[in-house]
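Position one of the sequence shown corresponds to residue 506 (the numbering used here), numbered consecutively onward.
Each remark here refers to the structure printed beneath this line.
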Amino acid sequence: MSAGTWSEFELIARLTAGLPSREEVVVGIGDDCAVLDTGGPRLLLLTCDSQVEGVHFTLHTSSPQEVGRKALAINLSDIAAMGGEPRYALISLHIPRRCPLEVLEGLYTGLRQEAAAAQTLIIGGNVSGTGAAETLAIDITLLGESERGRVLTRAGARVGDTIFVTGYPGDSAAGLHSLLYPDHPYPPTACERLRAVHRVPRPRLAEGRLLSQLGPQIVTALIDVSDGLSGDLGHICERSGVGASIEVARLPLSAELQALAATLGRDPLAWALHGGEDYELLFTVAPGYEETVQARFAAAGAAPITPIGQITEAASGLRLRWPDGREEPLSVQSWDHFTTPGQARST
Numbered sequence: 506m507s508a509g510t511w512s513e514f515e516l517i518a519r520l521t522a523g524l525p526s527r528e529e530v531v532v533g534i535g536d537d538c539a540v541l542d543t544g545g546p547r548l549l550l551l552t553c554d555s556q557v558e559g560v561h562f563t564l565h566t567s568s569p570q571e572v573g574r575k576a577l578a579i580n581l582s583d584i585a586a587m588g589g590e591p592r593y594a595l596i597s598l599h600i601p602r603r604c605p606l607e608v609l610e611g612l613y614t615g616l617r618q619e620a621a622a623a624q625t626l627i628i629g630g631n632v633s634g635t636g637a638a639e640t641l642a643i644d645i646t647l648l649g650e651s652e653r654g655r656v657l658t659r660a661g662a663r664v665g666d667t668i669f670v671t672g673y674p675g676d677s678a679a680g681l682h683s684l685l686y687p688d689h690p691y692p693p694t695a696c697e698r699l700r701a702v703h704r705v706p707r708p709r710l711a712e713g714r715l716l717s718q719l720g721p722q723i724v725t726a727l728i729d730v731s732d733g734l735s736g737d738l739g740h741i742c743e744r745s746g747v748g749a750s751i752e753v754a755r756l757p758l759s760a761e762l763q764a765l766a767a768t769l770g771r772d773p774l775a776w777a778l779h780g781g782e783d784y785e786l787l788f789t790v791a792p793g794y795e796e797t798v799q800a801r802f803a804a805a806g807a808a809p810i811t812p813i814g815q816i817t818e819a820a821s822g823l824r825l826r827w828p829d830g831r832e833e834p835l836s837v838q839s840w841d842h843f844t845t846p847g848q849a850r851s852t
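Take a look at the structure:
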């Protein structure tokens, strides 16, 4: 039996089943970050992620600088998804023997730029060759912090909570499509912005901190949209033991996304619901606090947020509600490293 027989999350569950824990592990496997209580005034957040050439990026359509920025940005997004502050990064590079030095220097330029923007220090790491393989890979471990009682997880959503999302989910997937199929006559301005969103995502650190400051009594669950809105909403529901209903008419679709979809004769909802790699924040808010949260975001000049649905009983599962009142199941079609057709999710 091969790894491809399993979904990504089934494989994680199988490999980590029965692992021991200790009392200092506040949050372990199954969230965006592990959370440790080391006895100090703040909790420690830890996350790691990899970017592999040919799977997550190619150097034909992204510059080394852009690849470096994105590699760190996706880790920063995990810290944002816990409401934390990033502090220190460790960078491991797996380098083909024939990799040009200017590629590595460009990669580190991007890493430095993203770290500086997030006030994060690169403090170490590792460099290794890849033997006969000709694939460049970047693996990053990121450490962050959060105040006690302010860490937000996937596990707190309750029936009746309102579901919010930052920004415009689907933009990254549309940008990726335009890079994979560049010969179509796309709207130039729309295409430029969507490609930029995909190549260098913006981790919502300030927004995550704002949600953390509101506290888990108001913001009940939080995740970043990495695998796709449907899949990541599914993670919240699974960890919280609830269902969810999404209002199709409320989904925020950017003008650029709609313009690109129109030129292709495609439904933009597919990108918005299942596209992934947006690194927006998806979160739930306790009933009666919706206007409070919206007012705080507006006052802070943070990213736009949109209420897109409601948490329901677990038995209802994930559902879409159309403007005419019709409902249907929302199927999860998000990215999975082992079951998604094709090899590359990014360029």
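All residues carry an ideal CB built from backbone N, CA and C; glycine is no exception.
Which residues share a DSSP beta bridge with residue i?
i: Phe669; result: Phe788, Pro812
i: Cys604; result: DSSP lists no partner for Cys604.
i: Cys553; result: Thr646
i: His599; result: Ser633, Ala642
i: Gly748; result: Thr817
i: Pro834; result: Arg824
i: Asp729; result: Leu786
i: Val724; result: Val790
Looking at residue j and residue i, is the spacing between their C-beta atoms short of 8 Å?
i: Glu590; j: Gly649; result: yes
i: Asp729; j: Ser582; result: yes
i: Ala775; j: Leu758; result: no
i: Ala576; j: Leu606; result: no
i: Glu712; j: Ala803; result: no
i: Ile645; j: Ala679; result: no
i: Thr667; j: Leu786; result: no
i: Pro687; j: Gly780; result: no
i: Val853; j: Arg663; result: Nothing in the structure corresponds to residue 853, since the chain is present only between 506 and 852.
i: Thr876; j: Asn580; result: Missing from the structure shown is residue 876; the chain here goes from 506 to 852 and no further.
i: Ile600; j: Leu647; result: no
i: Val540; j: Gly588; result: no
i: Gly739; j: Leu823; result: yes
i: Gly770; j: Val837; result: no
i: Thr811; j: Ser750; result: no
i: Ser768; j: His682; result: Looking at the sequence provided, one finds Thr at residue 768 rather than Ser. Cβ distance not < 8 Å, so Thr768 and His682 don't count as in contact.
i: Asp537; j: Ala586; result: yes
Determine the burial state of residue i: buried for a count of at least 16 other Cβ atoms within 10 Å of its Cβ, exposed for fewer.
i: Asn631; result: exposed
i: Tyr691; result: buried
i: Gln556; result: buried
i: Asp676; result: buried
i: Arg659; result: buried
i: Tyr784; result: buried
i: Pro846; result: Reliability fails at Pro846, whose pLDDT of 49 lies under 50, so the model's placement of it is uncertain and the value that follows must be treated cautiously. It counts as exposed.
i: Gly573; result: buried
i: His565; result: exposed
i: Pro708; result: buried
i: Gln519; result: Just to set this straight, residue 519 is Arg in the shown sequence, not Gln. The residue is exposed, with fewer than 16 neighbouring Cβ atoms inside 10 Å.
i: Glu832; result: exposed
i: Thr725; result: buried
i: Glu685; result: A small fix is needed here, since residue 685 is Leu in this sequence, not Glu. Exposed.
i: Thr797; result: exposed
i: Ile534; result: exposed
i: Thr543; result: exposed
i: Pro773; result: buried
i: Ala760; result: exposed
i: Pro569; result: buried
i: Ile517; result: exposed
In this structure, how does DSSP classify residue i when only helix, strand and coil are distinguished?
i: Pro846; result: Low per-residue confidence applies at Pro846: pLDDT is 49, beneath 50, and the placement is therefore not dependable, though the value from the model is reported in the following sentence. DSSP places Pro846 in coil when its eight states are reduced to three.
i: Ala522; result: coil
i: Tyr691; result: coil
i: Leu734; result: helix
i: Ile628; result: strand
i: Glu529; result: coil
i: Leu657; result: coil
i: Ser677; result: helix
i: Ser839; result: coil
i: Leu758; result: coil
i: Val540; result: strand
i: Ser651; result: strand
i: Ile702; result: Per the sequence shown, residue 702 should be read as Val rather than Ile. Val702 falls in the helix class under three-state DSSP.
i: Val664; result: coil
i: Glu513; result: helix
i: Pro708; result: coil
i: Tyr613; result: helix
i: Gly713; result: helix
i: Asp781; result: Before going further, note that residue 781 is Gly rather than Asp in the sequence given. Coil.
i: Gly770; result: coil
i: Ser507; result: coil
i: Gly739; result: helix
i: Ala803; result: helix
i: Ala623; result: coil
Does the CB of residue i have a neighbour CB from chain C at under 8 Å?
i: Val532; result: The chain inventory of the structure shown lacks chain C, comprising one protein chain alone.
Any beta strand (DSSP E) of 3 or more consecutive residues that is wholly inside the segment 545-595
Counting whole runs of 3 or more residues, the segment 545-595 contains the beta strand (DSSP E) stretches 547-557.
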